[in-house]
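Colleague: Respectively, the protein sequence lines represent chains D and C. For what it's worth, the UniProt record's numbering labels the leading residue of the first sequence as 1, then goes sequentially. For what it's worth, the UniProt record's numbering labels the leading residue of the second sequence as 1, then goes sequentially. Before I ask anything, here is the structure I am working with.
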Amino acid sequence: MTVAEDVRASAQTPAPRKPGKGAQARSRRREAIALVMPSLVPILVLSVAPLVMGLALAFTDARLVRNPDYDFTGVENFVKLAGNSFFWDSLRIGLIWTVGVTVLQLAASMGLALLLNSGLRLQGLTRVLALIPWAMPPVVVAIMWQMIYSANGGPLNAFLGRVGLPDDINWLGDFSTALPAVIVVGVWVGMPQTTVTLLAGLQQIPADLNEAAAVDGAGAWRRFTAVTWPSLRPIVASITSLNFIWNFNSFSLVYVLTAGGPGGKTMVPVLFIYLEAFKNRNIGYAAAMGLVLVIIVVALLAIYLRSQFRDDRAERGR
Amino acid sequence: MRALLRPAQYLALAAYILFLGFPLLWLISASVKSSGELNSLTVSLLPQQWHWDNYSEALDRQGLIHSAGNSLVVALVSTALVIVIALPASYVLARLKGKVRAAGVGWILTSQVFPVVLVILPLFLILRTIGLADNLFGLTLVHTTYTLPFALWMLQGYVTAIPVDLEEAGAMDGAGRWTVLRAIVFPLLMPGIVATAMFAFVSSWNEFFFALVLLQSPENYTLPITLNMFIGGEGKVSLGPLAAGAVLAAIPSIVFFTILRRKLTSGLMAGAVKG
Chain D
1 MTVAEDVRAS
11 AQTPAPRKPG
21 KGAQARSRRR
31 EAIALVMPSL
41 VPILVLSVAP
51 LVMGLALAFT
61 DARLVRNPDY
71 DFTGVENFVK
81 LAGNSFFWDS
91 LRIGLIWTVG
101 VTVLQLAASM
111 GLALLLNSGL
121 RLQGLTRVLA
131 LIPWAMPPVV
141 VAIMWQMIYS
151 ANGGPLNAFL
161 GRVGLPDDIN
171 WLGDFSTALP
181 AVIVVGVWVG
191 MPQTTVTLLA
201 GLQQIPADLN
211 EAAAVDGAGA
221 WRRFTAVTWP
231 SLRPIVASIT
241 SLNFIWNFNS
251 FSLVYVLTAG
261 GPGGKTMVPV
271 LFIYLEAFKN
281 RNIGYAAAMG
291 LVLVIIVVAL
301 LAIYLRSQFR
311 DDRAERGR
Chain C
1 MRALLRPAQY
11 LALAAYILFL
21 GFPLLWLISA
31 SVKSSGELNS
41 LTVSLLPQQW
51 HWDNYSEALD
61 RQGLIHSAGN
71 SLVVALVSTA
81 LVIVIALPAS
91 YVLARLKGKV
101 RAAGVGWILT
111 SQVFPVVLVI
121 LPLFLILRTI
131 GLADNLFGLT
141 LVHTTYTLPF
151 ALWMLQGYVT
161 AIPVDLEEAG
171 AMDGAGRWTV
181 LRAIVFPLLM
191 PGIVATAMFA
201 FVSSWNEFFF
211 ALVLLQSPEN
221 YTLPITLNMF
231 IGGEGKVSLG
241 PLAAGAVLAA
251 IPSIVFFTIL
261 RRKLTSGLMA
271 GAVKG
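This is the structure we're talking about:
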């Protein structure tokens, strides 16, 4: 049915509601569409369209040249990709980076949030400090940490030397330390949001729950596992999913810190795809990698969220 | 055991403050050290001699002021666009129930999920087709579009906080829809608009990935791109001016974030917790 036929058909069928009310609803709807349109247009053109095109490009042999002329190649890119060990290496590195940052972020932020919630002094200072990493341009963060990690005259090595540990480590340049060093920076950057969110969650837990547990003789750890953690579960689930996605997709930090080096040891998938598209100019192939990435992220996320919700149902005895 | 708890907590807090604050202190300290001191093997947080030349050298460096100007224009224009575009839509999102709202909220959440790297290739092609690839206005439009979902989310939260009764009272007094919006809704929404605007400005000012891919001519570079060029391109890196440039680039966002941290965190909270 064409649009015109559709309109005619709907005009012929008698309106089920009173005519006045229907007209009012229609005019309201028209008004709403007019108000939403300015947001919708840029999103459709610059966000939805590229996404759809990106999915389509994955099945072509498109190259980044002046006059792109490309053919539909079906699943050829994916077959080629299956045999590309560098891509699978980058996926492995990306997973270590993402899981490492997400888990450490959660652990470190939980510690800080609990401290801030326990009525210590210096809360204001800590909160401002905790929020600064978030405000800084990723490029500046990367430059700053390059200085901290510097093998010559960097403060980290200087400190290690002073306490009698090896002090000549090239943190970002050594095969074994580069990825952990980059992960620490990721944790530093991502802590503010996680901390702030957890803190807000902690403040929603009624104090008498904790007091009741304390009266029953529960120690700090027992109170955490029995009262705090279960109450925070929904917040932890949502912040962990979001952090997972953000970390998996984060580009700027690793790009400026190491550009994937040394020897590809920090080549996260997003970086790998960027290089394939804009250095090797294989955009069709790169889009296929992007699509595989999306599928993996969504699948992992689904598994995680499912486990969360199943546990919830079990706990509530449904 | 009890007596030991407080000192242990303060010790842990000190460790956090060191972890979060020290890198920043080191950057600032490096920005006021002479190159001789930066290259020497004696390492200390406080400079032996305060050396402000790094800042003037950073500003003299080719392109830094120019690209800061580019960043400023892109950030200001995209902020204005985000607010003008998002304001009416956020009003609809907040006031209309049903499908419109569900679709809007659904989009806002999914927009956080898909990886920009899949979008960036076609986005580059689309912009190249309409002649806006290596172009500051093109970058502005991209920043606007990708800040929109979150701006919408923040703004609709602020609209929801305004009681509908107030609008209905206005309508009873015979005011038209537009008058109600202008006289009642917008003034009450002002704090939310300011917070959202600051968020949009900072997002654009800090943004790196789109700028890296979309901009090719050095005269179009934004500040993060120029700073990145300082590290890689020129062989010998002079750390002092680099640190000074980095400090200058971080100042606007840090100032904004410190001003609005309460509002922003509550906005983010709503997104994270309800999401």
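Note that beta-carbon positions come from the ideal geometry of N, C-alpha and C, so glycine has one too. Keep in mind it's a predicted model, so treat the numbers as computed, not measured.
1) Going by DSSP, what residues sit across from D:F309 in a beta bridge?
2) Quick one: which chain D residues come within Cβ less than 9 Å of C:V32?
3) Assign C:K99 to buried or exposed, taking buried as 16 or more other Cβ atoms, counted over all protein chains shown, within 10 Å of its Cβ.
4) Going by DSSP in three states, D:T177 sits in which element: helix, strand or coil?
5) Just the chain C side, please: which residues come within less than 9 Å of D:Y274 by C-beta, in chain order?
6) With a cut-off of 8 Å, does the C-beta of D:T126 fall near any C-beta of chain C?
7) Chain D partners of C:V202, CB-CB under 8 Å?
8) Beta-carbon within less than 6 Å of D:V7's beta-carbon, same chain only, minus the 5 sequence neighbours each way: which residues are those?
9) Report yes if the CB atom of C:F199 is closer than 8 Å to the CB atom of C:A250, and no otherwise.
10) For D:V140, count neighbouring Cβ atoms within 10 angstroms of its own Cβ and tell me buried if that reaches 16, exposed if not.
11) Quick check on the burial criterion: 16 or more other C-beta atoms within 10 angstroms. Buried or exposed for residue 327 of chain C?
12) Under 8 Å, CB to CB, which of the residues in the region 143–169 of chain C have a partner in chain D?
13) Indicate whether D:M191 and D:Q105 have their beta-carbon atoms separated by less than 8 Å.
14) Name the DSSP beta bridge partners of D:A72, please?
15) With distances taken from CA atoms, which of C:L260, C:M172 and C:L123 is nearest C:L215?
16) Would you give the residue range spanned by the alpha helix (DSSP H) that D:E211 belongs to?
17) Hey, C:L226 and C:S31: beta-carbon distance below 8 Å or not?
18) Can you name the start and end residues of the alpha helix (DSSP H) that C:K99 belongs to?
19) Please name the residue in D:G284, D:A302, D:V294 and D:V297 whose C-alpha comes closest to that of D:A56.
20) What residue range does the alpha helix (DSSP H) around D:L242 cover?
21) What residues of chain C sit near D:N247, judged by a beta carbon separation below 8 Å?
22) Is there at least one Cβ from chain D nearer than 8 Å to C:I83's Cβ?
23) Given this structure, state the Cα-to-Cα distance separating C:L76 from C:E207, to the nearest angstrom.
24) Going by the CB atoms, is the gap between D:L172 and D:T98 shorter than 8 Å?
25) Return the chain-ordered list of same chain residues with a C-beta closer than 7 Å to the C-beta of D:A181, the five sequence neighbours on each side being excluded.
26) Would you call the CB atoms of C:G63 and C:P218 closer than 8 Å?
27) For the alpha helix (DSSP H) containing C:V213, name the first residue and the last one.
28) Within a Cβ cutoff of 8 Å, which residues of the same chain sit near D:R63, ignoring the five residues on either side of it in sequence?
29) Hey, quick one: how far does the alpha helix (DSSP H) through C:A195 stretch, first residue to last?
30) Tell me, please, whether the region 76–92 of chain D touches the region 227–242 of chain D by the rule of three or more beta-carbon pairs shorter than 8 Å.
31) State yes or no: is the C-beta of C:L118 within less than 8 Å of the C-beta of D:G94?
32) At which residues does the alpha helix (DSSP H) containing C:G176 begin and terminate?
33) Is the shortest distance between the beta-carbon of C:S40 and the beta-carbons of chain D less than 8 Å?
34) Just tell me which of D:L120, D:A277 and D:L46 has its CA closest to the CA of C:L11.
35) Does the CB of C:Q216 have a neighbour CB from chain D at under 8 Å?
36) Which residues, in chain order, does the region 248–282 of chain D contribute to contact with chain C at a C-beta distance below 7 Å?
Modeller: In terms of the structure at hand:
1) Paired residue(s): none; D:F309 is not in a bridge.
2) Ordered by position in chain D, no residue passes the 9 Å Cβ test against C:V32, which lies about 13 Å from the chain.
3) exposed
4) coil
5) V117, I120, F209, L212 and V213
6) yes
7) A135
8) At D:V7 the pLDDT is 43, less than 50, meaning the model places this residue with poor confidence and gives no usable figure here.
9) no
10) buried
11) The structure shown does not extend to residue 327 of chain C, since chain C is modelled only from 1 to 275, so the question has no answer here.
12) T144, T145, Y146, L148, P149 and L152
13) yes
14) Strictly speaking, residue 72 of chain D in this sequence is Phe, with Ala absent from that position. Under the DSSP definition of a beta bridge, D:F72 partners with D:T60.
15) Taking only the C-alpha atoms, the option nearest C:L215 is C:L123.
16) For D:E211, the uninterrupted alpha helix (DSSP H) run begins and ends at A207 to V215, by DSSP.
17) In the sequence on display, residue 226 of chain C carries Thr and not Leu. No.
18) K99 to S111
19) Looking at the Cα atoms, D:G284 is the closest of the given residues.
20) That run of the alpha helix (DSSP H) goes W229 to N249.
21) None at all; the shortest Cβ gap to chain C is about 11 Å.
22) no
23) 13 Å
24) no
25) Y149, W171 and L172
26) yes
27) F209 to L214
28) Contacts found: Y70, R281, N282, I283 and G284.
29) Counting along the chain, the alpha helix (DSSP H) containing C:A195 begins and ends at F186 to N206.
30) no
31) no
32) Premise fails: C:G176 is in no alpha helix (DSSP H) and is neither H nor E.
33) yes
34) Residue D:L120 holds the alpha-carbon nearest to the alpha-carbon of C:L11 among D:L120, D:A277 and D:L46.
35) no
36) Listed by position along the chain: N249, F251, S252, V256, V270, I273, Y274, A277 and F278.
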